[in-house]
Amino acid sequence: MDKIISSVLFLVFALLVLSQNEELIELQGDITKQKDSVHYVDGINKGFINSYEEVSSYRINAELDINEKIIKASQKIKWFNRTDFKTNKLFFHLYPNGYKIGSEFSKGYKFKDEHLSSLEISTLKINHKEYQFEYDITKSRNSKDSTIIRVDLDFEIMPNDSIEIYFEFQTKVPLSLKRFGYAEGRNFFFISQWFPKIAVFENEEWLNNPYYSYTNYYADFGNYYAELTVPKNFVVGSSGVFESSSKCEDTNTFTFTQKGIHDFAWFAADSILTETDYYKSSNKEIRIELFIQPEREEYLSRYSNAVKNCLEYFEKYVGEYPYEKVTLVDVPRTSKSGGMEYPTLFTVSADLFSPVEVGYPEKLVAHEFAHQYFHGIIANNETYEGWIDEGLASYFATKIMEEYYPDLLINFRLASYFPVFGIQLLNYNEIPLIYSIDKYKQAPAYRQYINYYSNPIQGKISDSSFIHDSKIVYRNTNYSKPELMFISLERIIGEREFLQIISEFYNRYKFKHPKGRDLIDLIKSNSSEELDWFFDGVYNNDVRFDYSVKSIIETDSMNYKIELVRNEEGIFYNDILVVTENDSLWFKWEDSSRTKYLDVKTESQLYGVEIDPFRKNVFDYNYANNSLKVSSNIWPALSLSIRWFFWIQNALMVLGSIG
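So, in structure tokens, the structure goes:
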């Protein structure tokens, strides 16, 4: 009898274990199988099915070996020559080869052995005929860089012709360093830029840039079909919509499809929470797929609400989201794949503890979601003009935070600013150890101000993104300055008008590859303000801006001579406010003069003068000298002293508690 009971208990236990594994797979199905065939086909809204031009479509079969950290794969590419020019060459990006010593990509990172990767091609066929390839260093001039290959054809591909390309290849999955790889201590694999990607052919030129340290990617739109095989207890999420799964003894194969995208990323994990939510508009539903680390379950509703807020804001102010779903992947602490965008999918991470009052991870969600529009759908070339999508994503993340999270508290990560050697805690880059009392709210985009004011003349927005060999300069010219430029334009043009211009940009260039000039011309042509001076100074130059009120002299009763000075090279068209006891007088300064004098006659006592009172010139790095009062007032200085004392006291308290 005891043996029977033991056998039954063992059987029940075994079934429970199996059911848990099955539950993971069933969750996989539940999170993605509820398809809306009325409004969508293969992941795209039927209303957008003719909005994109199919140039490069991929059919991929891949299997992940988690022990060897290898992906074995084959793929077929259908490539269409949509240009007016013929070509007898093909170029492909092999991004994993950037994780090799001596590559262009490696110049910005320190590799350990486990960070190294490679993409090895065993078979390459064009229209069923085998071809050889060569590593191309035309752009890099670096003999150690193997991120671009060239195939010389024995025929010409004419305009409107198409070809079929077949690869068999193997990709080594590295320890996560930047966006791609496995997380240390976890069975979590994030797989991005992992397959041979055909370069973009436009204007009779192949854009065959290597993989640089800080820039991102550029590819044509097409359709993707992927069969991904993983160990049987793993969950998979991807840029595509889930179609089906098939089970073998030790593996499961998941099938995904997606129309109208230009990249395909995915992840596989054996321990992750899955949840589905929906954003509902008047005529459709958009599925929100959430994959969350088990230790961050408390952030689930915050993630979901943040995505819904983003969808609501963008559909209201920018344009319709064209896809059936959006996938949020929360990566482990040890993964370096967080904070990156891919078509229909983006990655995030959260602090170990993060009160909702500090707005993180909501700000990260907002930024990465914004990339679904600006780079996912508006697919600019980030190698040359990363400022378009990064600047707009940063700008809209700030707008979303102002709209939905208006009362955030100032905060910073102590670990990022105060290195205390020997304390392992400070390697934990997830801890906002200081945030302020309720009185001190965040100013919009305040971190971008900090970045800009620290490096105001290091690089122009108009610089090609890849030329910067410093991450600080790259971030300043592609993130901070562009967002501040858009904030400044909004204040000059008006918020409503500026958002309408960006909406026009989105609807005109969705599923296309616009250039920076297209956006600038659209802004200039749709603005009632003349803006050549603005783009000359802010976009095309890296000069400092600083205007000041030098003096106010009462020449006789109620007559004043006001001296204004442009202290730096930057030129900005400013409003001048003169405040009297009974009135406010407005003047303009719209020229390149170094000094401007105002002769003002008033009917009451003059209190003070201020240059740019609405802060349209966010690039003025010294606001303290923008105004001058006839009579002194000690309260601003006293308020600043109190605030500084609070921060020092708070920092010392935290440092004193570590030990």
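In numbering that gives the first Met the number 0, the protein residues as written are 0 to 658. Even for Gly, the Cβ is constructed at its ideal location relative to N, Cα and C. These numbers were taken from a predicted model, which means no experiment stands behind them.
C-alpha distance - L424 paired with L351, whole-angstrom precision: The residue you call residue 424 lines up with position 425 of the sequence shown. The residue you call residue 351 lines up with position 352 of the sequence shown. For L424, the predicted model reports a pLDDT of 37, less than 50, meaning its position is unreliable; a value from the coordinates is still stated below. Cα to Cα, L424 sits roughly 12 Å from L351.
Neighbourhood of S453 by C-beta distance below 6 Å, restricted to the same chain and skipping five residues each side: Within the sequence shown, residue 453 is the residue found at index 454, counting from 1. Excluding sequence neighbours, S453 sits near nothing in its chain.
Bridge-paired residues (DSSP) for H92: What you label residue 92 is simply residue 93 of the sequence shown in a count that begins at 1. The partner list for H92 (beta bridge, DSSP) reads I147 and K196.
Cβ-Cβ distance between Y620 and F544 below 8 Å: Residue 620 sits at position 621 when you count from the first residue of the sequence shown. Residue 544 sits at position 545 when you count from the first residue of the sequence shown. Yes, they are a contact pair.
Test item: CB-CB of L227 and A61 under 8 Å: Translated into the one-based positions of the sequence shown, residue 227 becomes position 228. Translated into the one-based positions of the sequence shown, residue 61 becomes position 62. Yes.
The region 152-172 touching the region 181-198, judged by at least three CB pairs closer than 8 Å: yes
Opening and closing residue of the beta strand (DSSP E) in which K77 lies: Translated into positions along the sequence shown, residue 77 becomes position 78. Looking at the DSSP string, the run of the beta strand (DSSP E) that includes K77 is I69 to F79.
Helix, strand or coil at D276 according to DSSP, with G and I counted as helix: In the sequence shown, the residue the question calls residue 276 occupies position 277. It is a strand residue.
Contact under 8 Å by Cβ, D388 with I377: The residue given as residue 388 occupies position 389 in the sequence shown. The residue given as residue 377 occupies position 378 in the sequence shown. Yes, the pair counts as a contact, with Cβ atoms nearer than the cut-off.
Unbroken stretches of the beta strand (DSSP E), 3 residues or longer, contained in the region 558-611: 558-565, 573-579, 583-588, 594-600 and 605-610
Beta-carbon contacts of F233 that lie in its chain and below 6 Å, excluding the five residues immediately before and after: Position 234 of the sequence shown, counted from the first residue, corresponds to residue 233. Within the same chain, F233 has close Cβ partners A267 and D269.
Where P158 falls: helix, strand or coil (DSSP): As a first step, residue 158 must be located in the sequence shown, where it is residue number 159. In this structure, P158 counts as coil in the three-state DSSP scheme.
Sequence-distant residues of the same chain with beta carbon closer than 8 Å to Y572, five excluded per side: The count along the sequence shown starts at 1 and reaches residue 572 at position 573. Hits under 8 Å: W532, F533, K587, W588 and E589.
Three-way DSSP call (helix, strand, coil) for Q457 in this model: To locate residue 457, count along the sequence shown from 1; it is residue 458. If DSSP states are grouped into helix, strand and coil, Q457 belongs with coil.
Rounded C-alpha distance that separates Y223 from I162: In the sequence shown, the residue the question calls residue 223 occupies position 224. In the sequence shown, the residue the question calls residue 162 occupies position 163. Each residue's Cα considered, the two are about 16 Å apart.
Exposure of T397, with buried meaning 16 or more beta-carbon neighbours within 10 Å: Stepping through the sequence shown from its first residue, residue 397 is reached at position 398. So T397 ends up on the buried side.
Bridge partner(s) assigned by DSSP for V54: Numbered from its first residue, the sequence shown carries residue 54 at position 55. Note: V54 sits in no beta bridge, so no partner.
Close beta carbons around T252, own chain, < 6 Å, minus the five adjacent residues each side: Residue 252 sits at position 253 when you count from the first residue of the sequence shown. Closer than 6 Å at Cβ, skipping near neighbours: E226, T228 and S245.
Candidates R185, K177, Y312 and R516: closest to L115 by CA position: The sequence position of residue 115 within the sequence shown is 116, counting from 1. Minimum Cα distance to L115 is reached at K177.
Q292 beta carbon less than 8 Å from that of P331: Walking along the sequence shown from the start, residue 331 turns up at place 332. Walking along the sequence shown from the start, residue 292 turns up at place 293. Against a cut-off of 8 Å, the Cβ pair of Q292 and P331 comes out as a contact.
Any 3 or more C-beta pairs closer than 8 Å across the region 515-523 and the region 549-562: no
8 Å Cβ cutoff met for K595 and I491: Taking the first residue of the sequence shown as position 1, residue 595 is located at position 596. Taking the first residue of the sequence shown as position 1, residue 491 is located at position 492. No, the pair does not count as a contact, with Cβ atoms beyond the cut-off.
Contact check, E503 vs F497, beta carbons under 8 Å: Along the sequence shown, read from residue 1 onward, the residue named residue 503 stands at position 504. Along the sequence shown, read from residue 1 onward, the residue named residue 497 stands at position 498. For E503 and F497, no; Cβs fall outside 8 Å.
Environment of A305 [buried if 16+ CB atoms lie within 10 Å]: For this step, residue 305 is matched to residue 306 along the sequence shown. Buried: at least 16 other Cβ atoms inside 10 Å.
Cβ pair G42, K258 closer than 8 Å: Within the sequence shown, numbered from 1, the residue matching residue 42 stands at position 43. Within the sequence shown, numbered from 1, the residue matching residue 258 stands at position 259. In this structure, K258 lies closer than 8 Å to G42 by Cβ.
Any 3 or more C-beta pairs closer than 8 Å across the region 92-107 and the region 124-133: no
Local conformation of A268 per DSSP, three classes: Here residue 268 refers to the residue found at position 269 of the sequence shown. Of the three classes helix, strand and coil, the one that applies to A268 here is strand, per DSSP.
C-alpha distance - V172 paired with V617, whole-angstrom precision: As a position in the sequence shown, residue 172 is number 173, starting the count at 1. As a position in the sequence shown, residue 617 is number 618, starting the count at 1. Distance between the alpha carbons of V172 and V617: 44 Å.
C-alpha distance - N141 paired with K106, whole-angstrom precision: Here residue 141 refers to the residue found at position 142 of the sequence shown. Here residue 106 refers to the residue found at position 107 of the sequence shown. Cα to Cα, N141 sits roughly 11 Å from K106.
Assigned exposure category for P405 - 16 Cβ within 10 Å defines buried: Locating residue 405 in the sequence shown gives position 406, where the first residue counts as 1. Burial call: exposed.
I659 vs P481 beta-carbon contact at 8 Å: The chain is shown from 0 up to 658; residue 659 falls before or after that span and cannot be answered.
Inter-residue Cα distance where the pair is R58 and F290: Mapped onto the sequence shown, residue 58 falls at position 59. Mapped onto the sequence shown, residue 290 falls at position 291. If you take the alpha carbons of R58 and F290, they lie about 25 Å apart.
C-alpha gap between K600 and W585, whole angstroms: Position 601 of the sequence shown, counted from the first residue, corresponds to residue 600. Position 586 of the sequence shown, counted from the first residue, corresponds to residue 585. Distance between the alpha carbons of K600 and W585 is about 13 Å.
Straight-line gap, F368 to Y302 (C-alpha atoms, nearest Å): If you number the sequence shown from 1, residue 368 lands on position 369. If you number the sequence shown from 1, residue 302 lands on position 303. Distance between the alpha carbons of F368 and Y302 is about 11 Å.
Residues near K324 in its chain [Cβ-Cβ closer than 8 Å; skip 5 each side]: The residue given as residue 324 occupies position 325 in the sequence shown. T31, G42, V240, I285, R286, I287, E288 and T343.
Same chain only: Cβ atoms within 6 Å of V537, ignoring 5 sequence neighbours per side: On the sequence shown, residue 537 is found 538 positions in, with the first residue counted as 1. Within the same chain, V537 has close Cβ partners M484.
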